[in-house]
Amino acid sequence: SLEAAAAAAAAPGADAAAADALVKACACDAEFSKQLRAIIRERGSPRHVPSIIAVVPDVPKTNNGKKVEMAVMNVLRGKAVANRGSIANATVIDFYEALAPHLDRLLP
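Residue numbers (our numbering): 1 to 108.
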């Protein structure tokens, strides 16, 4: 599972194979990514096309069910998430913390 791969990659002394497994688990099919980028560009705007498209287990949500995308952005930028207590599924933050050092490997 994605969570298990993230836990292995984040473990103290994790080797490159653990990071490789995490990146492989998160990678999307190239054709799917291409089609999704085209749809976003066509229906939205070229500025909304993401540079990385990845499979993730979940998006953090508040106890009210609202998505907390800024928590993910903070983690991916190396910042701490200040309000973990307000996130209903806070363990998903651990996944993003494990993935953050390997984001460049998900670039097309």
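Where is the CB? At the ideal position from N, CA and C, for every residue including glycine. No experiment lies behind these values; they were computed from the predicted model shown.
Just to confirm before moving on: does the CB-CB distance between residue i and residue j stay below 8 angstroms?
i: Ile93; j: Pro50; result: no
i: Ser86; j: Asn63; result: yes
i: Ile40; j: His48; result: yes
My output table needs one value for residue i: the three-state DSSP class, helix, strand or coil.
i: Lys79; result: coil
i: Lys24; result: helix
i: Lys113; result: Nothing can be reported for residue 113, as the shown portion of the chain is limited to 1 through 108.
i: Ala11; result: coil
i: Ala100; result: helix
i: Ala4; result: helix
i: Ala54; result: strand
Got a sec? Which residues, its chain only, sit under 7 angstroms from residue i by beta carbon, not counting five neighbours each side?
i: Val81; result: Ala71, Asn74, Val75 and Ile93
i: Glu97; result: Ala10 and Val75
i: Leu36; result: Ile53
i: Asn89; result: Asp58, Pro60 and Lys61
i: Arg84; result: Ala90 and Ile93
i: Leu103; result: Ile52 and Leu76
Should residue i be flagged as near chain C, meaning a C-beta pair shorter than 8 angstroms?
i: Ala6; result: Among the chains of the structure shown, chain C does not appear; only one protein chain is present.
Thinking residue i and residue j are a contact (beta carbons under 8 angstroms), I'd like their distance in whole angstroms, please.
i: Ala106; j: Leu22; result: Note that residue 106 is Leu in the sequence shown, not Ala. About 10 angstroms; that fails the 8 angstroms criterion.
So, at 8 angstroms on beta carbons, what are the nonlocal neighbours of residue i in its own chain, with the 5 sequence-adjacent residues on each side left out?
i: Lys67; result: Val59, Pro60 and Lys61
i: Ala30; result: Pro108
i: Ala18; result: Ala5, Ala8, Ala9 and Ala11
Between which residues of its own chain and residue i is the CB-CB distance below 6 angstroms, once the five residues before and five after are set aside?
i: Glu69; result: none
i: Leu2; result: Ala25 and Pro57
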